[in-house]
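Participant: Before I ask anything, let me first share the structure, which is written out below as structure tokens.
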Ligand SMILES: CC(C)(COP(=O)(O)OP(=O)(O)OC[C@H]1O[C@@H](n2cnc3c(N)ncnc32)[C@H](O)[C@@H]1OP(=O)(O)O)[C@@H](O)C(=O)NCCC(=O)NCCS
């Protein structure tokens, strides 16, 4: 999917949200790895990512050409500060109107409204793509993310006590959340 929007952040700076394209591959990989170094709330560790720049370029090109999936990049000037995406859960008739949402923001830029802007852009894209429901899983102690999702209308529908196994803290409970779009 294609997307391009500019907003003003809480501190007056301008944030551009747009779909990634092949040329963004190197910076997109950098922010992906940085985000996974900065928090223990994401699905994987930086050393588990073996994607090359070429593979990332192909991934971004595929998403840009997709009718119902997107990889969104958040830029302040030419610095990439966040990443978000929506992905189809499956193509079978019974589940094809469900999608998942994932995002992270460079910790140096937390609290400026970037996470909210990325969430809203994903919700907008999910509606345009025709999904009926957007879903996510979030570490139950990740209050910052949960407060954001709740304030954007997501509701909890369950818990998985053994969702992630952290190298640092052991089992992490996941809160399952969903947002109806129609
Ligand atoms: C969760 C995350 C995306 C939020 O990004 P952000 O840019 O800091 O978010 P925003 O500035 O838009 O703030 C959004 C909301 O978060 C909540 N929030 C912010 N700081 C908070 C804090 N210290 N405690 C609780 N809630 C907080 C508020 O509801 C805030 O909205 P408000 O400022 O309008 O009241 C970011 O912290 C992040 O990348 N975390 C690590 C990765 C992650 O957890 N991703 C989500 C995986 S499911």
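Residue numbers (the numbering used here): 2 to 183. Heads up, the beta-carbon is just placed ideally off N, CA and C, and yes, glycines get one too. Owing to the predicted nature of the structure, the values given are computational and were not obtained by experimental measurement.
#1: Is residue 148 near ligand 1, judged by its Cβ being under 7 Å from some heavy atom?
#2: Can you tell me whether DSSP reads residue 35 as helix, strand or coil?
#3: Within the continuous beta strand (DSSP E) that includes residue 7, where are the two ends?
#4: Going by DSSP, what residue range makes up the beta strand (DSSP E) through residue 167?
#5: Could you please give the first and the last residue of the uninterrupted alpha helix (DSSP H) stretch that includes residue 91?
#6: Rounded C-beta distance between residue 117 and residue 149? I'm assuming under 8 Å.
#7: Does DSSP classify residue 133 as helix, strand or coil?
Facilitator: In short:
#1: On the chain shown, residue 148 is found 147 positions in, with the first residue counted as 1. Yes; taking the cut-off as 7 Å, the Cβ of residue 148 has a heavy atom of ligand 1 nearer than that.
#2: Along the chain shown, one-based indexing puts residue 35 at 34. Residue 35 falls in the helix class under three-state DSSP.
#3: For the purposes of this step, residue 7 is identified with residue 6 of the chain shown, where counting begins at 1. From DSSP, the beta strand (DSSP E) with residue 7 extends over 5-9.
#4: If you number the chain shown from 1, residue 167 lands on position 166. Run containing residue 167: 156-167, per the beta strand (DSSP E) assignment.
#5: Numbered from 1 along the chain shown, position 90 holds the residue referred to as residue 91. It is not in any alpha helix (DSSP H) - residue 91 carries neither H nor E in the DSSP assignment.
#6: If you number the chain shown from 1, residue 117 lands on position 116. If you number the chain shown from 1, residue 149 lands on position 148. Contact flag correct, Cβ pair sits at about 6 Å.
#7: Within the chain shown, the letter at position 132 stands for residue 133. DSSP places residue 133 in coil when its eight states are reduced to three.
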